[in-house]
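Chains P and Y, in that order, are what the protein sequence lines are.
My numbering applies: residue 89 is where the first sequence begins, and numbers increase by one.
My numbering applies: residue -5 is where the second sequence begins, and numbers increase by one.
Ideal Cβ placement from N, Cα and C applies to all residues, glycine included.
Heads up: the structure comes next, in structure tokens.
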Amino acid sequence: MQALLDNLDRLWSGFLTTLGMSVAAAVIATILGTILAAFRVSPLPPLRALGATYVQLVRNTPLTAVFFIVIFGLPAVDVTFQNFFIAAIVALSVYTAAFVCEVVRSGINSVSTGQAEAARAIGLTFGQSLRDVVLPQAFRSVVPPLGNLWIALVKNSAIAGGGFAVADIAQLAPSLARDNPAQVLAIFGGIALAYMVITVPSGIAVGVIERRTAILR
Amino acid sequence: MSASVLFDDLGPRGRRNVRIGSGVGGLFVLGLIVLGLQRMAANGQLEADRWAIVFDPRTGVPQSLGRALIVTLQAAGAAMLFATLLGAILAFGRLSDHAALRVPVSVVVEFFRAIPLVILILFLFLGARPVLGLDLPRFWTLVLGLVLYNMAVLCEIIRAGILSIDRGQSEAAYALGMRKSQVLVSILLPQAVRRMLPALVSQLVVLLKDTSLGFIIAYPELLQQARNIINFFGSQYSLQLYVAAAGIYIIVNFLLSTIAHQLEKRVNRSGRIAAGATVIAGANEDQTLAAVARDNG
């Protein structure tokens, strides 16, 4: 316990790093994933193929491999990032975007065809039926899985510290544990707790939003 | 296409617009590919001998990647087996009528779901000896970490699958005089397995991908092996070897998904899908399950 208390400042800065990394990656992944989802539901075959290929490739690649390629592979084609923190955000965004794409797409598809047909039947334009009928319903079924993705993203960000020298919460674990072998349990307990400070309230919030936005289908 | 929510079958003008749009979109995609290749060519990444190292048996690289694949699959296989078994047992515990069993099982499941797998593996690696008094080899450190995390996720998938079965099924079984365990094992579980197969398989794919975390504890799985090879041959091969390792993961995962898809089709064809649980209900249920599965990202 003492080791953890002595290093509270490092834990705090690690916590902020984890949070910052996750928030940045979440924002980028949401934007990129939504664009990819738009590609996947568009009537244009080349864009559909691009979206589908991206999702298939990235979803089947381990996040660790994405990290390795971004940090050690891309410099070989002159794509470098200022530091590991930025590179980690890039890797997490690229990876999570594929999952966001699938969530958004299945959200759009979960709206029953009758809804859009009815919208067209009463004379709404494509834009109107999308804005007033389809998307509001799609949004409701998308929020809970997006929330779960956020939680998964926070947990995934631990790879950056565990393996790639980003000074986040996870990176603190091995260095503190090596210095204080007698306190390993307390150290890891504190570190698990630091993650749970983010993940548990997020989980509760997802549940609340899910209940609030639930509609009868 | 007519099944899409967003647009109808197109008329002649719409089809022309789509053709034009496809042309533009095609050029955009082509542009991306050309840009990528150009960058690679400019840095000499396309030269044949850069890539030959991955395929030429004389370098020993294909052999050692093959060995790494086997080692990866061993860890994944062991973890899948134990995680599924424990996940099922935990799911039964969480569905129990007795709070004395339900509450502690729920706490265990929620705990392991809430912490990152990396932290779990690091803890087992650094803490097994001082805290648990165990001398875990690297293989079992990785497998145990994967099992602890995935059993919690699988527990939730199995639980959601069982809960998704129409209540009439268990009511009918009780009316026939079956015991609780009989209802669970011979009525609910067989139907639930069919429902949760997609979520189950996508979680097993996640598990397979997560074996790559073995690199943190220097377990010689594919990425760790790729790193060792790069250390030996020099960093000019970084891109090639990491792409190769990722490619092997993609192929294996793709095969796993394909096999599962075939299995799913067969299971559904032989389908004695029960009266209450018709296909219409199935569509929504799949979504709930998918949401659970996404926990893992």
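Check: Given 8 Å, three or more beta-carbon pairs between the stretch 228 to 243 of chain Y and the stretch 148 to 164 of chain P; Outcome: yes
Check: Coil, strand or helix - N247 of chain Y by DSSP; Outcome: helix
Check: Residue-chain proximity (D166 of chain P, chain Y), Cβ-Cβ < 9 Å; Outcome: yes
Check: Listed by chain order, chain Y residues near M284 of chain P by CB distance under 9 Å; Outcome: F105, A108, I109
Check: Integer Cβ distance of L140 of chain Y from A77 of chain Y, believed to fall under 8 Å; Outcome: 7 Å
Check: Backbone secondary structure at I210 of chain P - three-state DSSP; Outcome: coil
Check: Inter-residue CB distance, L217 of chain Y and A153 of chain P (contact presumed, cutoff 8 Å); Outcome: 6 Å
Check: Check whether L157 of chain Y and L80 of chain Y have beta carbons under 9 Å apart; Outcome: no
Check: Assigned exposure category for V115 of chain P - 16 Cβ within 10 Å defines buried; Outcome: exposed
Check: Residue environment, S200 of chain P, which counts as buried when at least 16 other CB atoms sit within 10 Å; Outcome: exposed
Check: Any C-beta of chain C under 9 Å from that of N247 of chain Y; Outcome: Here chain C cannot be found, since the structure's protein chains are P and Y.
Check: C-alpha distance - V102 of chain Y paired with A146 of chain Y, whole-angstrom precision; Outcome: 8 Å
Check: Own chain residues within Cβ distance below 6 Å of N268 of chain P, not counting five before or after; Outcome: A91
Check: Listed by chain order, chain Y residues near G139 of chain P by CB distance under 7 Å; Outcome: Ordered by position in chain Y, no residue passes the 7 Å Cβ test against G139 of chain P, which lies about 10 Å from the chain.
Check: Amino acids of chain P, ordered along the chain, whose beta-carbon sits closer than 9 Å to that of G228 of chain Y; Outcome: Residues of chain P passing the Cβ test: none, with the nearest at roughly 12 Å.
Check: Among P:F214, P:G235, P:L241, nearest to Y47 of chain P - alpha-carbon criterion; Outcome: Because chain P spans 89 through 305 in this model, residue 47 of chain P falls outside it and cannot be assessed.
Check: Between the CA atoms of V188 of chain P and I119 of chain P - distance to the nearest angstrom; Outcome: 9 Å
Check: G235 of chain P: CB within 8 Å of a non-hydrogen atom of the ligand GDP; Outcome: Ligands are entirely absent from the displayed structure, and the ligand GDP is therefore not among its contents.
Check: Expected contact under 8 Å - CB spacing of N144 of chain Y and Q197 of chain Y to nearest Å; Outcome: 7 Å
Check: A321 of chain P versus S100 of chain Y - alpha carbon distance; Outcome: Not covered by the structure: residue 321 of chain P. The range shown for chain P is 89 to 305.
Check: C-beta neighbour in chain Y for A112 of chain P, strict 9 Å; Outcome: no
Check: Neighbourhood of E298 of chain P by C-beta, 6 Å cutoff - its chain only, sequence neighbours within 5 removed; Outcome: P232
Check: Classification of K243 of chain P by the beta-carbon crowding that lies within 10 angstroms, buried from 16 upward; Outcome: buried
Check: With 16 other Cβ atoms within 10 Å as the buried cut-off, status of A179 of chain P; Outcome: buried
Check: Pairwise C-alpha distance: F106 of chain Y and L142 of chain Y; Outcome: 7 Å
Check: Backbone secondary structure at S245 of chain P - three-state DSSP; Outcome: coil
Check: The stretch 24 to 47 of chain Y: positions lying closer than 7 Å to chain P by Cβ; Outcome: R33, M34, N37, Q39
Check: Spatial distance of V237 of chain Y from F169 of chain P (CA atoms); Outcome: 19 Å
Check: Three CB pairs or more closer than 8 Å across the stretch 42 to 59 of chain Y and the stretch 119 to 127 of chain Y; Outcome: no
Check: Proximity test, Cβ basis, 9 Å: R221 of chain Y and chain P; Outcome: yes
Check: Beta carbon proximity, N95 of chain P to chain Y, threshold 9 Å; Outcome: no
Check: Neighbour-count burial assignment, D256 of chain P, 16 or more Cβ in a 10 Å radius; Outcome: buried
Check: Nearest-angstrom beta carbon gap, T135 of chain Y and I109 of chain Y [assumed within contact, 8 Å]; Outcome: With a Cβ gap of about 16 Å, I109 of chain Y and T135 of chain Y do not count as contacting.
Check: Neighbourhood of A72 of chain Y by C-beta distance below 7 Å, restricted to the same chain and skipping five residues each side; Outcome: V137
Check: C-alpha distance - T149 of chain P paired with A166 of chain Y, whole-angstrom precision; Outcome: 45 Å
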